[in-house]
Structure formats: C-alpha cells, structure tokens
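Quick note on the numbering used here: the sequence shown kicks off at 131 and runs consecutively.
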Amino acid sequence: MVYVNYGAPADYEQLERMGVSVRGAIVLARYGQTWRGIKPKVAAEHGAVGCLIYSDPHEDGYLHGNVFPAGPMRPSFGAQRGSVMDMPIYPGDPQTPGIGSVPGAKKIPLSEVKTFTKIPVMPISYDDAEPLLKNLNGELVPENWRGSLPLTYHIGPGPANVHLRLHFNWDRKTLYDVVAKIPGAQHPDEWVIRGNHHDAWVNGAGDPISGASPEMEEARALGELLKKGWKPDRTIIYCFWDGEEPGLLGSTEWAETHADELTAHAVAYINSDGNGRGYFRAEGSHSLENFVNGVAKDIIDPETKMTISQRVRLVDSTRTTPEKRAELKARADLRIDALGSGSDYTVFIDHLGVASVNLGFGGEDPGGGQYHSIYDDFYWYTHFQDTDFVYGRALAQTAGTMIMRLADAQVLPFQYTNLAETVHGYVGELKKLAADERTATKEKNQQIEDGAYQALTDPRKKLVPPTKEPLPPYLNFAPLENASDELTRAAASYEKALTAAGNNASAAVNGKLIQSERLLLNPAGLPNRPWFQNLIYAPGFYTGYGVKTIPGVREAIEQKRWSEVDVQMTRVSEALTKEAALLDEAAKQLTPASTSTR
Ligand SMILES: [Zn+2]
131 MVYVNYGAPA
141 DYEQLERMGV
151 SVRGAIVLAR
161 YGQTWRGIKP
171 KVAAEHGAVG
181 CLIYSDPHED
191 GYLHGNVFPA
201 GPMRPSFGAQ
211 RGSVMDMPIY
221 PGDPQTPGIG
231 SVPGAKKIPL
241 SEVKTFTKIP
251 VMPISYDDAE
261 PLLKNLNGEL
271 VPENWRGSLP
281 LTYHIGPGPA
291 NVHLRLHFNW
301 DRKTLYDVVA
311 KIPGAQHPDE
321 WVIRGNHHDA
331 WVNGAGDPIS
341 GASPEMEEAR
351 ALGELLKKGW
361 KPDRTIIYCF
371 WDGEEPGLLG
381 STEWAETHAD
391 ELTAHAVAYI
401 NSDGNGRGYF
411 RAEGSHSLEN
421 FVNGVAKDII
431 DPETKMTISQ
441 RVRLVDSTRT
451 TPEKRAELKA
461 RADLRIDALG
471 SGSDYTVFID
481 HLGVASVNLG
491 FGGEDPGGGQ
501 YHSIYDDFYW
511 YTHFQDTDFV
521 YGRALAQTAG
531 TMIMRLADAQ
541 VLPFQYTNLA
551 ETVHGYVGEL
561 KKLAADERTA
571 TKEKNQQIED
581 GAYQALTDPR
591 KKLVPPTKEP
601 LPPYLNFAPL
611 ENASDELTRA
621 AASYEKALTA
631 AGNNASAAVN
641 GKLIQSERLL
651 LNPAGLPNRP
661 WFQNLIYAPG
671 FYTGYGVKTI
681 PGVREAIEQK
691 RWSEVDVQMT
701 RVSEALTKEA
711 ALLDEAAKQL
721 TPASTSTR
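Structure, rendered in structure tokens:
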C-alpha cells in the first residue's frame, strides 16, 4: 500500500520525485481537492491495482466541529459513497453514450465501456483507514500531505499489505424520471425547463431532498395558479430526475432521447440539487448572468430581510481583495461562476448547448460531514442545516420566479455583454497561463543546469532530480482575441437595439436567441471526449467537477499538448464569430427597417 494524499496528478509528480512508485500497489487516497472519480483514474494511469478512498477528519471531521450526533461533522465511521465513473468522458448510461437508453436502444458491450474505473475502488471511514496508515513506513509525507489523525503519516510502500475483494452487481435497473408539462399559451414550442434529482445515497435529506422539495413546492404553486386561470406564454417542463448519483443517468438519458426536440425548443434549464442556509449562489451560462441578477434583486433573504443579491454583495466585499471590492462596487451585476459538472445540468449545457443555471443557498451552514453518507438524514438536516426550512422557501421563490419570468418574457432575457466580457476575461487568463508556463519551464531548466537539485539531494532519501523540459512555444492568440472583440462589439450593438426597441421589441427575435447558446457547441467535441461539445464550459478532464473554461485550449496548454492548441483556438474563434453574427442579425431584426439606414 502507498499513501497518495489526494491522489491528484500533482501528488504523483511529488511521489516520483521521492522515488516512490505505485505500480502494482493499492493506493490509499484521502477525500478532498479533486472529485473522487479522479483518484482511481489517476492511480490506474500510474499502474496501481486498487484504490481506497477515506475521509480524513482534516477535510470534514472533528477538525471542523463536533461530529454527529453532537454536531454536523463526519463521525469516525462515516464513509462517503459516490460515483467514480469517469464522467469527464461522458455521463449517463455507460452502455449508450450519446443516445437515449430506452428499450431497444443499441448498447455497447461492457468490455468496450470507457467510463468504468480501470481498477477496483472502495470508500472507507477514517476508523477503517487509521490502522492502515499506522502500518505504513517509508518516507514521512510532505507537510501539506498530513491529515488530522493522531499518527505520523508515512508514504509507504508497506509494510501494510491490503487485500481488496469487492463484489459487483451488473444488473440493469429501470429508472423513473417524473416529467410534468404546462403547455405554453402563446409559444408552446419554446420550452423552459426546471429540474432536481430525487434519488439519493442512503437517506438523502440534504442531497437531494432539500432541493427536491422546493422544486415540488414550485410545481404545486404553478398548479394553484393554473386553477386560477393563469397560463404561461411558453411551455414549462418540470423534471424530477432519477439516477443522478450513479452518473447523472436520468437527466442525461432523457435529454439524449429528446436531443432533437430540445435543440429546437429548449430556452433554458434551471437546476438545483442540495440546499443549505446562507448566501445565494448561482453558476451558469453568462448569457443569463444579468437575468439571474435581476431575480436575485427581488427575493428577500429570510434572515437579514435584505435582498439575496444585496447580501451576497455585502458578504463578498468583506472577503475579497481591494481590486475585487472596487469591481463589486462598480459592476452592476454580480458575477456568476461557470458550470463544471456534478449535477443534472451537465447534459443541457455541455452536450446540447442549452443555457443553464444551477442555484442554491449555503455558506452559513456548518455542513459537509454528512455528505453522501447514512448521516444525511432528517435529524441532521433539522438540527444543523436549514433547520426551519426558510432557505428551502427562498430557493423555491428564486427558481420559481426565474421559471415564470422566462416563460412570460416578451423578449427572452438573454444579455450578451456580460457573456462577451467574461469570455474576454477567459482569453486573458489563457494568455497568462501560456506565458507563466513558459517562464516556469525556463526557470526550472536553469535551476537544473545550475545544479540546484544536486544540492537538494539528501543521501538518506532517494530524491530523483527532475530533467530538463523543452520550452513551450509562443502561441498565437490573435484569432481568439479578434473573435472575442467581435463578440464584444456585437453584444453591445444588440443591447443598444434592444433598448431602442423598448416595449415594441418583437418576439420574433426569440428564435435567434434560443439558438445563441447552441452556437457555442462544436459537433466534434473536445479532444478525447466528443460527448462534451461546449467550447466555453466543461468539467476538467483531471478535476471532474471543477470547471475548465475554453477547455479545449486551456487543457491543451495545461497538459503541454502544444500541437493541439492552434486547432482548438480556431474552433473557439469560429464559434465566437458565429455568435457575433447571430447577434448582429438579432439586432437588425429589432430595428425597424424605416429607421435602420436612413
Ligand atoms: Zn445531489
């Protein structure tokens, strides 16, 4: 057995420098930093034959507060369950990538499935991990590899020998998505979609019921409105997903089954999952950033009685750098983060290019220690989380308001100047990433040449000095920068036309707006993972949940695949240029012919 810290790629680089190989070993990784599925994936890439993952109290145990039932943190026997499917390749039914898993669908054989882990993996509690850690010798771990157990952390290998024998069940089970539809009275072919999953690991009070019950409450409220004679202009679809936890199965398969209809009709998808107490958070498509901000300005925070938007602005200003604080004051809209993966929005935004937002409240609750374990139950939720459900109500108000506004807006509330500004920021990040990569390689090569690593070598340790690497090439960012500027210009001109049109803005423009997010897709997909077609947003190949923006370019730079960068950059530039052209057409459509040229 070898202890591999979080089991992230950087941890294996560290092991290599220490002269420790995991080839033929069972690795012990702790939860944290990466999504869990990355741990066995990277372990297998380095030749390990098995993987144990444990919850160290450093991450969500007694270091952070009292453990359950005295407090909310993970007790010694708490094991975090969860999918380890290689979802950065594709989520959903492993046997039907890209198509709906309905009766009669063509399935690939199990032996050809790319998303199964290559080695057996098992989650354990720290009570079970402690004797294993105590029986490892070898080097002391680096300081930032230490957890919070009362023992000295060693790397190994051995002398502990671990026997790992797992039983697998390969049965196929039927999943049940519940899908309810309110037909639109004016534009039945424009669909506004809302979803939360209903399946859980064990009890699931927090994940997913704290998000699922607000969604049910929204549906009930819309039902009441229907009885009173209200009819939405657009079609509203409420989805209650099954099989999210094993691999986003229910949402992915439903959306793949209805891919053509969704491509033609879907306006937006609003997702939630677990909910907590505290500050409003939203992540998603930046074409909806302004819209999300508008709704957040109208929802009252149950504790402070200020708006949820005001509260986020104030809290963020206490926790940030002077530059960000100045931006918070100057920028009209709060920024929303980009979406990675980890819940049911994935197929909508990443595969079908449907503008998506993920919502929730949190940050004030002390939770985390119950996550994906038997302790996520009603007692835990009502003692330590949103104890009187007021943030459940706030979530229903926020998401419900979004659905109603999307369904009834004359012109769909997409706003592209925030999108253009955000993309411009990503391009800047990529340029800096490439420059930093170059500088770092140059410096390291110089250190190697100067003999710095020979001086570091401790004869008692088997430190392996690094070898020189080829210098990263200069990259041509001009096409991407030009396309980004083009988008900025077109977004501003669309906004101007929309403002000028005012209440006379024609709903005819909505057909174009619905397609605007689709243009961010490339049918060829990302390198080595064609299912992921969004060129702006994707979960990282080596982060799992964590987002990589402009992923084709960013990951090619990060993983030093230099020859790929130009190809990827061209694809993104073309998509941004097409997006700009669409916005120009939309602007033209909003401008009455009589005033457009004369
Ligand atoms: Zn969930």
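From the three backbone atoms N, C-alpha and C, an ideal C-beta is built for every residue, glycine too. Note that the structure is a prediction, hence the values are computed from the model and not measured.
Whose CA, out of 686, 238, 320 and 175, lies closest to the CA of residue 695?
Residue 695 sits at position 565 when you count from the first residue of the sequence shown. Comparing Cα-Cα distances from residue 695 to each of 686, 238, 320 and 175, the minimum goes to 686.
Using only the alpha-carbon positions, how far apart do residue 684 and residue 628 sit?
For this step, residue 684 is matched to residue 554 along the sequence shown. For this step, residue 628 is matched to residue 498 along the sequence shown. In a straight line, the C-alpha of residue 684 is about 34 Å away from that of residue 628.
Can you look up residue 142 in the DSSP assignment and give me helix, strand or coil?
The residue labelled residue 142 in the question sits at position 12 within the sequence shown. Residue 142: helix per DSSP, three-state reduction.
The region 395-408 / the region 479-498 touching (three or more Cβ pairs under 8 Å)
yes
For the region 494-503 against the region 186-200, are there 3 or more C-beta pairs whose distance is under 8 Å?
yes
Alpha carbons only, please: which of 625, 474, 714 and 218 is nearest the one belonging to residue 323?
Position 193 of the sequence shown holds residue 323. Taking only the C-alpha atoms, the option nearest residue 323 is 474.
For residue 399, list the residues DSSP reports as bridge partners.
Locating residue 399 in the sequence shown gives position 269, counting from the first residue. Answer is 323 and 486, bridged to residue 399.
Any heavy atom of ligand 1 inside 8 Å of the beta-carbon of residue 403?
Here the question's residue 403 lines up with position 273 in the sequence shown. Flag set: Cβ of residue 403 near ligand 1.
Considering only residues of the same chain and omitting the five flanking positions on each side of residue 162, which have a CB-CB separation below 7 Å?
Against the sequence shown, residue 162 aligns to sequence position 32. 136 and 189.
Is it the case that the region 359-379 contacts the region 279-298, given that we only count it when at least three CB pairs across the two stretches are under 8 Å?
no
Within 8 Å: the Cβ of residue 596 and any heavy atom of ligand 1?
Working through the sequence shown from its first residue, we reach residue 596 at position 466. Because no heavy atom of ligand 1 lies under 8 Å away, the Cβ of residue 596 does not count as near it: no.
Distance, Cα to Cα, residue 237 vs residue 672?
Against the sequence shown, residue 237 aligns to sequence position 107. Against the sequence shown, residue 672 aligns to sequence position 542. Taking the straight line from one Cα to the other gives about 27 Å.
Compute every distance between the C-beta of residue 375 and the non-hydrogen atoms of ligand 1, then say whether any falls below 8 Å.
In the sequence shown, counting from the first residue as 1, residue 375 sits at position 245. Yes, the beta carbon of residue 375 sits closer than 8 Å to at least one heavy atom of ligand 1.
Could you tell me whether any non-hydrogen atom of ligand 1 is closer than 8 Å to the CB of residue 202?
Residue mapping note: residue 202 aligns to position 72 of the sequence shown, counting from 1. Outside the cutoff, so no.
Taking 8 Å as the cut-off, is the C-beta of residue 473 nearer than that to any heavy atom in ligand 1?
Within the sequence shown, residue 473 is the residue found at index 343, counting from 1. Within the cutoff, so yes.
Sequence-distant residues of the same chain with beta carbon closer than 7 Å to residue 647, five excluded per side:
For the purposes of this step, residue 647 is identified with residue 517 of the sequence shown, where counting begins at 1. These residues qualify, in order along the chain: 415, 417, 483, 484 and 485.
Under the rule that 16 or more other beta-carbon atoms within 10 Å means buried, what is residue 730, buried or exposed?
Outside the shown range of the chain (131 to 728) lies residue 730, about which nothing can therefore be said.
Can you tell me where the alpha helix (DSSP H) with residue 514 in it begins and where it stops?
By 1-based counting over the sequence shown, the position of residue 514 is 384. Unbroken alpha helix (DSSP H) run through residue 514: 508-514.
Tell me whether residue 331 sits in a helix, a strand or coil according to DSSP, three-state version.
Walking along the sequence shown from the start, residue 331 turns up at place 201. If DSSP states are grouped into helix, strand and coil, residue 331 belongs with coil.
Beta-carbon separation of residue 268 and residue 150 under 9 Å?
In the sequence shown, residue 268 corresponds to position 138, counting from 1. In the sequence shown, residue 150 corresponds to position 20, counting from 1. Against a cut-off of 9 Å, the Cβ pair of residue 150 and residue 268 comes out as a contact.
Buried or exposed for residue 431, going by 16 or more other Cβ atoms inside 10 Å?
The residue labelled residue 431 in the question sits at position 301 within the sequence shown. By the neighbour-count rule (16 or more Cβ atoms within 10 Å), residue 431 is buried.
Sorry if obvious, but does the Cβ on residue 327 come closer than 8 Å to a heavy atom of ligand 1?
On the sequence shown, position 197 is the one that residue 327 refers to. For ligand 1, at least one heavy atom lies less than 8 Å from the Cβ of residue 327.
Let me make sure I understand the geometry here. Which of 608, 234, 467 and 659 has the alpha-carbon closest to that of residue 413?
For the purposes of this step, residue 413 is identified with residue 283 of the sequence shown, where counting begins at 1. Closest by alpha carbon: 467.
Quick check: the region 380-387 against the region 314-331, are there 3 or more CB pairs under 8 Å?
yes
What three-state label does DSSP hand residue 371 in the structure shown?
Here residue 371 refers to the residue found at position 241 of the sequence shown. The answer is strand: DSSP assigns residue 371 an E or B state.
Between residue 178 and residue 147, is the Cβ-Cβ spacing less than 9 Å?
On the sequence shown, position 48 is the one that residue 178 refers to. On the sequence shown, position 17 is the one that residue 147 refers to. No, they are not a contact pair.
Out of 616, 688, 633 and 167, which one is the CA nearest neighbour of residue 704?
Position 574 of the sequence shown, counting from 1, holds the residue named residue 704. Comparing Cα-Cα distances from residue 704 to each of 616, 688, 633 and 167, the minimum goes to 616.
According to the neighbour-count rule (16 or more other Cβ atoms, all chains shown, within 10 Å of its Cβ), is residue 709 buried or exposed?
Here residue 709 corresponds to residue number 579 of the sequence shown, with the count starting at 1. Label assigned to residue 709: buried.
Let me know the alpha helix (DSSP H) ranges lying completely inside the region 570-601, each 4 residues or longer, listed in chain order.
582-586
Is residue 180 helix, strand or coil by DSSP?
Locating residue 180 in the sequence shown gives position 50, where the first residue counts as 1. Correct three-state label for residue 180: strand.
DSSP three-state call for residue 297: helix, strand or coil?
Taking the first residue of the sequence shown as position 1, residue 297 is located at position 167. Three-state result, residue 297: coil.
For residue 437 and residue 428, believed in contact at Cβ under 8 Å, the rounded distance:
The residue given as residue 428 occupies position 298 in the sequence shown. The residue given as residue 437 occupies position 307 in the sequence shown. Yes, residue 428 and residue 437 are in contact; Cβ-Cβ is about 7 Å, under 8 Å.
Beta-carbon within less than 8 Å of residue 638's beta-carbon, same chain only, minus the 5 sequence neighbours each way: which residues are those?
Position 508 of the sequence shown, counted from the start, is the residue given in the question as residue 638. Cβ within range, chain order: 719.
Looking only at its own chain, which residues have a Cβ that is under 6 Å from the Cβ of residue 341, when we skip the five neighbours before and after it?
By one-based count along the sequence shown, residue 341 stands at place 211. Result list for residue 341: 326, 402, 403, 404 and 405, in chain order.
How about residue 426 and residue 442: do their beta carbons lie closer than 9 Å?
In the sequence shown, the residue the question calls residue 426 occupies position 296. In the sequence shown, the residue the question calls residue 442 occupies position 312. Cβ distance < 9 Å, so residue 426 and residue 442 count as in contact.
Inter-stretch contact at 8 Å, needing at least 3 Cβ pairs: the region 304-319 / the region 351-368
yes
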